[in-house]
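For the sequence shown, this note's numbering begins at 5 and goes up steadily by one.
Glycine included, C-beta positions come from ideal geometry on N, C-alpha and C.
All of these numbers come straight from a predicted model, not from anything done at the bench.
To keep things clear, I will list the structure first and then write my remarks on it.
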Amino acid sequence: MNMLQFSVRGLFHRDAFRSGNRSPDRARHGAARRHLQREAPRFEQLESKQLLATVSNNLDTGPGSLRQAITDVNTSAIANTIVFSNLGTDTIVLATELPTLTNPAGTTFSFDGTTSAITLDGSLALASDGLTIGAGANGVSLSGINLTIKNFNSGLRFLGGSTNSLIQGLTVTGNQNGISLAGGAFSGTTISGNTITLNDQNGIVTEGSVTSLTIGGTAAGAGNTITANEYGLSFQSGTYTGTLVQGNTVSNNNQAGLLLGLLGSASSTLTSLTIGGAAAGAANTISLNNNGVKITPGTYTSTVIAGNSITSNAQDGVALDGGATSLTIGGPAAGAGNTIAYNNGEGLFFQPGAYTSTLVQGNNISANDGSGVLLGTSGGSLTGLTLGGSTTTGAGNTIAFNQENGVEVSQGTYTSTVIQGNTIASNASYGIQLSPSGQTLEALTIGGTTTGLGNTIASNALDGIGIFGGSYTGTVVQGNIIRYNLFNGVNINQFAGGAKFAGLQVGGGTGAGNTINNNGLDGVQVNSGVYSSTFVQGNAITSNARNGVNLYATFGETLTGLGLGGVGVGEGNTITGNVASGLTASKGDYTGTSVAGNTISGNATGISLTNTKNLSIGGTNATFKNTVSGNSISGLFATGDLTATKIRGNAFSANPLGVSLLDAQGVSLGTAEAGGGNTITGGSTGLRAVGNLSNTGVSGNAITGQTTGIQMINATGTSAANRFAIGGTTASVGNNAGNYIASTVHGLYAAGVLNNTVISGNIFSANAASGNAMVLINATGLTVGGSLATQGNTLTASAGNALYAAGHMAGSGFYRNTLTASVNGALLDSARSFLFGIANNASLGNLVQYNQTGVRAVGNCTGSGVCYTTWFRNVRKVVNKSVGLIVFPKA
């Protein structure tokens, strides 16, 4: 089909309009103009329908001008072409705004002849737009031409939808806005390969719902270069279904590379926009801006920022100024995550607000000068955000090598905000820092009970998780792997100086525990503070370079109300393989702090206590029992002022030294309550007691299976009222004050100064060959038994001596005890000044029965009959033996 061609030729020269005498040539030109004005347009038959309008001069108005060409094509209902013909390199300076291009059939702009570069300059057209494309003007092609548009309000403006248009290869610079688009359908329209720079406001800005538009593209060279504007790309409220922003370089913009939402608006609604993507070539490079991406409060349903490189921005990579709901940053699919790195501020910064259904997934957030992710500022709520948060492969973020924290969470309420499934590693400060500084940080979830929801928090320069003092009601840390951090795995109430601390849950019941291992100091450190409803439960705390758990209160401070372990299913911690102690506690008042239900094994020392007052370890109910076994030095070591500290109902087993008390005052190792006694089995020594042990009691325990059940060296009380007591007023096993010491080589071994030390109401049994139920060597000031019948001990040694005493025994007395079922009831070997019973007081004598020999005294008397050991009023019952008492004179 043939069509018509309309040619508008530039027949004018600008000199023809100058004042003065007219030359003959000018007269001829004037005649030509008058002839042209009288002529009808010339039409030619062509192969296809097309209107060709030629721009042949740089004038603002008149024939051959761009203004005239646009006017002409707007009158046509067919496809048309505006050709810049033989203009070389030229500038068109406009005094007023050009007509809006309205032809719906399509308009192509092209160069012809010598034309190589055209500049549209609006410096004289105040507040005017450069090229304006009307709503419904479809098929506009600004491609393949070297066109610069500058000094306008908007360099290129779409007043509404325009389908199948192509804006490509332009330079749009020095305008208020480079390219602006009003709402409409833009199916098949692409803005690609342009340089959009140095515009005072936005490089590209939308003013409403823009659907199915492509800005950039995935092919090589399709991306726009958007640089040195105030904002690179700005998307205001609207629906953006099918709109893609891909493959662009957005850099050096003064405020942000990308702005979503309307600044100053309380809430924007911006839906279904895609920035980047997982496909090859879809990523935008957003770098060297003030902020990489800035997002205002609003609803962002189905809006996705994915696969982009957001790097080296002067402040934050992505800054969210308030609640932004239903937004997706990244994604679990391969290639969907953004790289957010090397920014001078935070990688992502979320200010308080509602973030319901907002997902941050699959991103690489690394090497930022601030924290990888900062949540909150100085208060308010930040709710509904998901950072990672899915068991789907790839949903977790990698947050690493940031110069401050991996994730920092400020004070506020974090209902339904979760940090899950991320790898948070090698950051220069904390992996995660919770920093309310005495304020509230409530209802935050870090990790989870479902496999895959836990974070891996590793190799950070300080602590894996650093938790500063405040109220943490509803905040949980569960299911995480916390390891290889230079300092501690978890540090609670850091630098708080005794501040109040409430509501934190680290671990929990079955499936909720964290794995905290191989950290450079302690697995968990808890600092002084007043704790309420704070629990460390169900965790595996292993192989840390110092202690598994360190409860640290400086002198005079408190660490009260903490729960370490618990009585529910799975609430006990497993604390194993730590280099120093499984649990160490020091230097403060621990009223209300409970250590219960834990398994503490394979450490150097299971539990170490230094100056811990009012601490409870175990309890009278079987569910409170701590199992302390297989530690390489001792099950429990205690020293210092331990007033009112109670160690009850625990099982100590297979430790070389079950319990060691060194200058430990005021502690109760077992109690007379039902269930209050500990079981101490295996190892070389069950209990070792040394030094000042005033007001310390050892009661109700079962100590079995050692070489020595109890060993005392220079173990003293300070007065009769402040004595060291082993046992009590009854001889019953287990639930009452007396201890049961059995299956030992030596039940008890005591030596040295033992002033104000009393051993009463216990059962000592030794069953090894040549074993002794009780051995006293140079033991002075000791009382074994007492004035009451219930204070006597029962000593049995089936293959040895019920009592073996030797050396200087001044001030030591042995009263109302029963020595039975032994080879020798008592073997006194040069036991000098030892009161074995009381003269003239039959009630204080000892009962020596069912032994092969009752009392054998060796070397206690001289040849002249002077004896150094005194025994009085002892009752001797010898069964089937003729020897009740043998005294060997000193040679």
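Contact check for Met716 and Leu758: beta-carbon distance about 6 Å, within the 8 Å limit, so the pair qualifies.
Counting every other CB atom within 10 Å of its CB across the protein chains shown gives Leu130 a total below 16, marking it as exposed. Here the segment 97–117 does not lie against the segment 172–182, with fewer than 3 beta-carbon pairs under 8 Å apart. Here Thr794 carries a helix assignment [DSSP, helix/strand/coil].
Under the three-state reduction of DSSP output, Val77 falls in the helix class.
Counting other Cβ atoms within 10 Å of its Cβ, Asp204 stays below 16 and is therefore classed as exposed. For Gln72, the secondary structure class from DSSP, reduced to helix, strand or coil, is helix. Across the structure, Ala328 and Ser132 are spaced so that their CA atoms are roughly 35 Å apart.
Assigned with DSSP and collapsed to three states, Ser272 falls in strand.
For Ala626, the three-state secondary structure derived from DSSP is helix. The alpha-carbon separation between Gln669 and Thr748 amounts to approximately 27 Å.
According to the DSSP assignment, Tyr753 belongs to the beta strand (DSSP E) that extends over His750 to Ser764. The beta-bridge partner set that DSSP reports for Thr215 consists of Ala189. According to the DSSP assignment, Asp593 belongs to the beta strand (DSSP E) that extends over Ser585 to Asp593. Shown here for Thr106: same chain residues with a beta carbon closer than 7 Å to its own, the five before and five after excluded, namely Asn78, Gly138 and Ala141 in chain order.
Here Gly695 really is in contact with Asn718; their C-beta atoms are around 6 Å apart, less than 8 Å. For Asp94, the enclosing beta strand (DSSP E) stretches over residues Thr93 to Val97. DSSP places Leu666 within a strand segment (E or B) once states are collapsed to three.
Taking the CA atoms as reference points, Asn489 sits about 24 Å from Gly533. In this structure Gly380 does not touch Gly410 by the C-beta definition: roughly 15 Å separates them, more than the 8 Å allowed. In this structure the segment 405–425 touches the segment 365–373; the number of beta carbon pairs closer than 8 Å is three or more.
Between the C-alpha atoms of Thr253 and Gly296 there is a straight-line separation of about 11 Å. With distances taken between CA atoms, Asp645 lies nearest to Leu613 out of Leu613, Ser633 and Val599. The segment 479–494 and the segment 520–533 touch, with no fewer than 3 CB-CB distances between them shorter than 8 Å. DSSP lists Leu324 and Leu379 as the bridge partner or partners of Phe354. Annotated three-state conformation of Ser847 is helix, per DSSP. Between the beta-carbon of Ala783 and that of Ser769 there is about 20 Å, and that puts the pair past the 8 Å contact cut.
By the Cβ neighbour-count rule, Thr514 is exposed, with fewer than 16 other Cβ atoms within 10 Å of its own. Looking from the CA of Gly398, the closest CA among Thr390, Asn367, Leu378 and Ser414 belongs to Asn367. In the DSSP annotation of this structure, the continuous segment of the beta strand (DSSP E) that includes Leu248 starts and ends at Gly242 to Gln250. Counting along the chain, the unbroken beta strand (DSSP E) around Leu786 starts and ends at Asn776 to Gly789.
Of the residues Thr794, Ala773 and Asn726, the one whose Cα lies closest to the Cα of Thr800 is Ala773. Assignment of Tyr304 by DSSP, reduced to helix, strand and coil, places it in the strand class. Distances from the CA of Thr643 to each of Phe838, Gly592 and Asn155 were compared; the closest alpha carbon is that of Gly592. Beyond the five residues adjoining it in sequence on each side, Thr824 comes within less than 6 Å, by CB distance, of Thr800, Gln853 and Tyr854 in the same chain, given in chain order.
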